[in-house]
Amino acid sequence: MPVSLFPEAPDVLPARQNKRRIAETFGKAASTYDAAATLQQRVAARARLGLPELGAQSSILDMGCGTGNETHALLSRYPNADITGLDISQGMLDFASENPALANCHWAIGDIEELPFEEETFDLVFSSLAIQWCDCLSEVMAQVHRVLKPGGWFVYSTLTEGSLHELSSAWQSVDDKPHVNTYESLARQKQRAADSDLKVVSLRQQTETLYYPTVTHLLREMKALGANTVVEKQQKGLAGRSVLRKLSEGYKPFATEKGLPASYQVVYGVLHKAAYEN
Ligand SMILES: C[S@@+](CC[C@H](N)C(=O)[O-])C[C@H]1O[C@@H](n2cnc3c(N)ncnc32)[C@H](O)[C@@H]1O
Numbered sequence: 048m049p050v051s052l053f054p055e056a057p058d059v060l061p062a063r064q065n066k067r068r069i070a071e072t073f074g075k076a077a078s079t080y081d082a083a084a085t086l087q088q089r090v091a092a093r094a095r096l097g098l099p100e101l102g103a104q105s106s107i108l109d110m111g112c113g114t115g116n117e118t119h120a121l122l123s124r125y126p127n128a129d130i131t132g133l134d135i136s137q138g139m140l141d142f143a144s145e146n147p148a149l150a151n152c153h154w155a156i157g158d159i160e161e162l163p164f165e166e167e168t169f170d171l172v173f174s175s176l177a178i179q180w181c182d183c184l185s186e187v188m189a190q191v192h193r194v195l196k197p198g199g200w201f202v203y204s205t206l207t208e209g210s211l212h213e214l215s216s217a218w219q220s221v222d223d224k225p226h227v228n229t230y231e232s233l234a235r236q237k238q239r240a241a242d243s244d245l246k247v248v249s250l251r252q253q254t255e256t257l258y259y260p261t262v263t264h265l266l267r268e269m270k271a272l273g274a275n276t277v278v279e280k281q282q283k284g285l286a287g288r289s290v291l292r293k294l295s296e297g298y299k300p301f302a303t304e305k306g307l308p309a310s311y312q313v314v315y316g317v318l319h320k321a322a323y324e325n
């Protein structure tokens, strides 16, 4: 069993504390994640459209594998490949590695921004809705470039500016604290990709909207997913009754016939590492 990434230390840096909170929150949600993961499944299916043809004995990394849904999809698409699922959350990895359908996969605990692999290990790195939890997309791309073999592929989805803007706006009618994570603009993400050592094959944005009967349903779903860590804020439980009332009022201007919308701005990327480097 891999050792904890976060041994108790009194002087953990803020960035490490955030990652510890992200890992713990996802870990607690491992058993409820799959039933709540409507957006994640929809997005991953679109991200998979960018998957390349690979040779029979390929080596693949699923980065931020969570419960292993996409590790499973990768195994179906590339049945003879050697597949590794990596996640920062021990709870998620425990859940994924108990799936008998994934018995032949390898599992690694680790941080996407410090990948625990040798250089030129993988033919394909896939990642769906995980890298938005990282501190710096440029570092993610540098790490992916390092572990990809020449000629390898990076296929991913992540979030960009404007995701959950309705919830963010509704919270502003409650207080001025950060309650919703913010994401880099598509222009900035494109610049980071262009500045990386990987070649951009495609990079596009698409909106995904889910609808909820009440704000409480949305907040509960985020908790069930483990996606409720607000990076700039200390964790607290679900809001109390008076806060929820104000939050619902603040959400009302967005209400539609289908319910309360929660929109996500999703970026889909396909990047390639040159076959022969200078
Ligand atoms: C929304 S889930 C997505 C899981 C899976 N890819 C899917 O599509 O269902 C995000 C996952 O990324 C993991 N994660 C977050 N930050 C990470 C990091 N810095 N390094 C590795 N994994 C990370 C979380 O623990 C969580 O399991």
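Its first residue numbered 48, the sequence shown is counted upward by one per residue in the numbering used here.
Here a beta-carbon is modelled for each residue, glycine too, at the ideal position from N, C-alpha and C.
Closest by C-alpha distance to residue i, when choosing among the options
i           : options            : result
residue 315 : 251, 215, 167, 273 : 251
residue 71  : 115, 179, 297, 270 : 270
residue 255 : 171, 73, 313, 67   : 313
residue 115 : 210, 163, 174      : 174
residue 288 : 263, 85, 164       : 263
residue 328 : 107, 205, 155      : Nothing in the structure corresponds to residue 328, since the chain is present only between 48 and 325.
residue 103 : 171, 187, 67, 244  : 171
residue 75  : 305, 273, 300      : 273
residue 236 : 181, 193, 200      : 181
residue 167 : 68, 276, 105       : 105
residue 176 : 258, 73, 296       : 73
residue 111 : 85, 211, 154       : 154
residue 311 : 179, 80, 169       : 179
residue 249 : 123, 147, 202      : 202
residue 113 : 128, 158, 124, 123 : 158
residue 327 : 276, 260, 139      : Here the chain comprises residues numbered 48 to 325, so residue 327 is not present and cannot be evaluated.
Host alpha helix (DSSP H) of residue i (start-end)
i           : result
residue 270 : 262–272
residue 226 : It is not in any alpha helix (DSSP H) - residue 226 carries neither H nor E in the DSSP assignment.
residue 142 : 137–144
residue 233 : 233–242
8 Å contact criterion, which residue i and residue j should meet: CB distance rounded
i           : j           : result
residue 265 : residue 291 : Between residue 291 and residue 265 the Cβ distance is about 11 Å, and since that is not below 8 Å, they are no contact.
residue 221 : residue 293 : 5 Å
residue 96  : residue 119 : About 17 Å separates the two Cβ atoms, so there is no contact after all.
residue 197 : residue 321 : 7 Å
residue 194 : residue 162 : 5 Å
residue 257 : residue 133 : About 27 Å; that fails the 8 Å criterion.
residue 94  : residue 204 : 4 Å
residue 117 : residue 109 : 6 Å
Which of helix, strand or coil DSSP assigns to residue i
i           : result
residue 49  : Annotation note: pLDDT 45 at residue 49 (below 50); position unreliable, no value reported.
residue 248 : strand
residue 182 : coil
residue 213 : helix
residue 197 : strand
residue 191 : helix
residue 85  : helix
residue 90  : helix
residue 79  : helix
residue 255 : strand
residue 72  : helix
Residue range of the unbroken beta strand (DSSP E) whose run includes residue i
i           : result
residue 309 : 307–319
residue 291 : Note, residue 291: premise wrong, no beta strand (DSSP E); alpha helix (DSSP H) at 288–298.
residue 207 : No beta strand (DSSP E) contains residue 207, which DSSP labels as neither H nor E.
residue 175 : 169–175
residue 155 : 153–156
Which residue spans inside the stretch 94–133 form an unbroken beta strand (DSSP E) run of at least 3?
-> 106–110
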